[in-house]
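Student: A single structure is presented below for examination.
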Amino acid sequence: MSPKAMIGIIIAGVLLLVASQGLYVVNEKERAIKLQFGEVVGDDIQPGLHWKTPFVQNVKKFDARVLTLDTNPSRYLTSGKKYVIVDSFAKWRIKDVKAYYRATSGNRFEASNLLSNLLNKGLRDEFASRTLHEVVSGERDELMTKMTQLLNENTQEELGVEVLDVRVKAIDLPDDLSNSVYNRMSAEREREAREQRSQGKELAEGIQADADRQKTVIEAEAYRDAERIRGEGDAEAARIYASAYSKDPEFYSFTRSLKAYQETFKENDVILLQPDSDFFRYLKDSKGQ
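Sequential numbering from 0 applies to the sequence shown in numbering that gives the first Met the number 0.
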């Protein structure tokens, strides 16, 4: 191999080494910062292929995606001097790479610790200004919105981090307070149950009284109608009997006597009467004379 070819190969190798040390790529999921002897010389590096001075400058890359900070359940004191155990999480991402690097040296674990401290401090202040009812149900959404806004302002200034959302996964009571709340809720439910039973009993008595009144009225009206119908029937029967009797008084008297004989001797086989009694006049004479 000739000396010129050897020199060309050496130059090409040096150029390749320089290119490999100077060229770098930043993808869409990353944020990057360029350092020169430990000083920041570039902090707004866009995704794509870039150049740095070999052996003089170096590049640090960080995750630019939305990250989740899942904190451990913590104990907070409300304005009513009641402790609650809160389990929360936050969604965040790097906003200012330069500020993020200066605050955390690019250490994600350190960033999570600092963000967790700010989150705990903010939650402690917010819970301390609200009652137990407000943090559990009444103003929970308002609390989360305000907490996200305040934490975002602090983290962007101190850490170069943007907080997108803060959420509370669960709010629990300590065991001693849980028992107290349970007993109070049980007593309240018992009071409401007694009130409902009392109202139900009062309503039932009213319904029963109204039913008894209606029953009395219906029975009285039915008795009145029955007596009226019975009276009309008796009157009609009497009219029919009178009409029949007036047509043939002798035959009517004869049939009445036969019926009297039938009823009398059905239960008695011995009867004591005067032989000339009117009871036997149709037995003596078919004409009753």
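Note that beta-carbon positions come from the ideal geometry of N, C-alpha and C, so glycine has one too. Fair warning: this is a prediction, and the values are worked out from it, not measured in the lab.
To the nearest angstrom, how far is it from the Cα of T215 to the Cα of R255?
Tutor: In the sequence shown, counting from the first residue as 1, residue 215 sits at position 216. In the sequence shown, counting from the first residue as 1, residue 255 sits at position 256. Going from the Cα of T215 to the Cα of R255 covers about 42 Å.
Student: Report yes if the C-beta distance between V162 and T154 is below 8 Å; otherwise report no.
Tutor: If you number the sequence shown from 1, residue 162 lands on position 163. If you number the sequence shown from 1, residue 154 lands on position 155. Contact flag set, yes.
Student: Measuring alpha carbon to alpha carbon, tell me which residue in F61, Y100 and L34 is nearest P46.
Tutor: In the sequence shown, residue 46 corresponds to position 47, counting from 1. Of F61, Y100 and L34, the residue nearest in Cα terms is F61.
Student: Do G105 and K33 count as a contact pair if the criterion is CB distance below 8 Å?
Tutor: Your numbering for residue 33 matches position 34 in the sequence shown. Your numbering for residue 105 matches position 106 in the sequence shown. Not a contact, by the Cβ cut-off of 8 Å.
Student: Could you name the residues that DSSP lists as bridge partners for H291?
Tutor: Nothing can be reported for residue 291, as the shown portion of the chain is limited to 0 through 288.
Student: Do you know how far the Cα of F54 is from the Cα of P2?
Tutor: As a working note, residue 2 is residue 3 in the sequence shown. As a working note, residue 54 is residue 55 in the sequence shown. Roughly 29 Å between the two C-alpha positions.
Student: Going by beta carbon distance, what residues of the same chain come within less than 7 Å of S111, once the five residues before and after it are set aside?
Tutor: Stepping through the sequence shown from its first residue, residue 111 is reached at position 112. Correct list, in chain order: L68.
Student: Does R123 have its Cβ less than 8 Å from a Cβ in chain B?
Tutor: Checking the listed chains, one finds no chain B in this structure; it contains a single protein chain.
Student: Indicate whether L48 and V24 have their beta-carbon atoms separated by less than 8 Å.
Tutor: By 1-based counting over the sequence shown, the position of residue 48 is 49. By 1-based counting over the sequence shown, the position of residue 24 is 25. The answer is yes: Cβ separation under 8 Å.
Student: Are the beta-carbon atoms belonging to L118 and T52 less than 8 Å from one another?
Tutor: As a working note, residue 118 is residue 119 in the sequence shown. As a working note, residue 52 is residue 53 in the sequence shown. No, they are not a contact pair.
Student: Can you tell me whether T103 is helix, strand or coil according to DSSP?
Tutor: By one-based count along the sequence shown, residue 103 stands at place 104. The answer is helix: DSSP assigns T103 an H, G or I state.
Student: What three-state label does DSSP hand D164 in the structure shown?
Tutor: Indexing the sequence shown from 1 puts residue 164 at position 165. Note: D164 maps to strand in three-state DSSP.
Student: Is it buried or exposed, W91, if we count other Cβ atoms within 10 angstroms and call 16 or more buried?
Tutor: Reading the sequence shown from its first residue, position 92 is the one you call residue 91. Classification of W91: buried, given that the 10 Å Cβ count is 16 or more.
Student: Please state whether DSSP places T70 in a helix, a strand or coil.
Tutor: Reading the sequence shown from its first residue, position 71 is the one you call residue 70. DSSP places T70 in coil when its eight states are reduced to three.
Student: So who's on the other strand from V40, going by DSSP bridges?
Tutor: Stepping through the sequence shown from its first residue, residue 40 is reached at position 41. Note: V40 sits in no beta bridge, so no partner.
Student: Looking only at its own chain, which residues have a Cβ that is under 6 Å from the Cβ of L142, when we skip the five neighbours before and after it?
Tutor: Locating residue 142 in the sequence shown gives position 143, where the first residue counts as 1. The residues are E125.
Student: By Cβ distance, which residues of its chain are closer than 6 Å to D86, with the 5 residues on each side in sequence left out?
Tutor: By one-based count along the sequence shown, residue 86 stands at place 87. The residues are P72, K168 and A169.
Student: Let me know the secondary structure DSSP gives L76 once reduced to three states.
Tutor: Here the question's residue 76 lines up with position 77 in the sequence shown. Reduced to three states, the DSSP call for L76 is strand.
Student: Drop a sphere of 10 angstroms on the beta-carbon of L114, count the other beta-carbons inside from all chains shown, and report buried for 16 or more, exposed for fewer.
Tutor: Working through the sequence shown from its first residue, we reach residue 114 at position 115. Buried: at least 16 other Cβ atoms inside 10 Å.
Student: Please say whether R193 and I93 have beta carbons closer to each other than 8 Å?
Tutor: Looking up residue 93 in the sequence shown gives position 94. Looking up residue 193 in the sequence shown gives position 194. No, they are not a contact pair.
Student: For G37, I'd like the list of residues in its chain whose CB is within less than 7 Å of its CB, leaving aside the five on either flank, ordered along the chain.
Tutor: One-based indexing of the sequence shown puts residue 37 at position 38. The answer is none, since no qualifying residue turns up.
Student: Counting along the chain, where does the beta strand (DSSP E) carrying L172 start and finish?
Tutor: Here residue 172 refers to the residue found at position 173 of the sequence shown. First-last for L172: undefined, no H or E at that position.
Student: Thinking C-beta only, is G121 closer than 8 Å to L76?
Tutor: Reading the sequence shown from its first residue, position 77 is the one you call residue 76. Reading the sequence shown from its first residue, position 122 is the one you call residue 121. Contact flag unset, no.
Student: Which of the three DSSP states, helix, strand or coil, is assigned to A89?
Tutor: Reading the sequence shown from its first residue, position 90 is the one you call residue 89. The answer is strand: DSSP assigns A89 an E or B state.
Student: If the criterion is Cβ atoms closer than 8 Å, does the pair A98 and G159 meet it?
Tutor: Locating residue 98 in the sequence shown gives position 99, where the first residue counts as 1. Locating residue 159 in the sequence shown gives position 160, where the first residue counts as 1. Yes. Within cutoff.
Student: Out of I44, L257, L131 and V135, which one is the CA nearest neighbour of V96?
Tutor: Within the sequence shown, the letter at position 97 stands for residue 96. Considering only alpha carbons, the answer is I44.
Student: By the 10 Å Cβ neighbour count, where 16 or more other Cβ atoms means buried, how is R183 classified, buried or exposed?
Tutor: For this step, residue 183 is matched to residue 184 along the sequence shown. Flag for R183 reads exposed.
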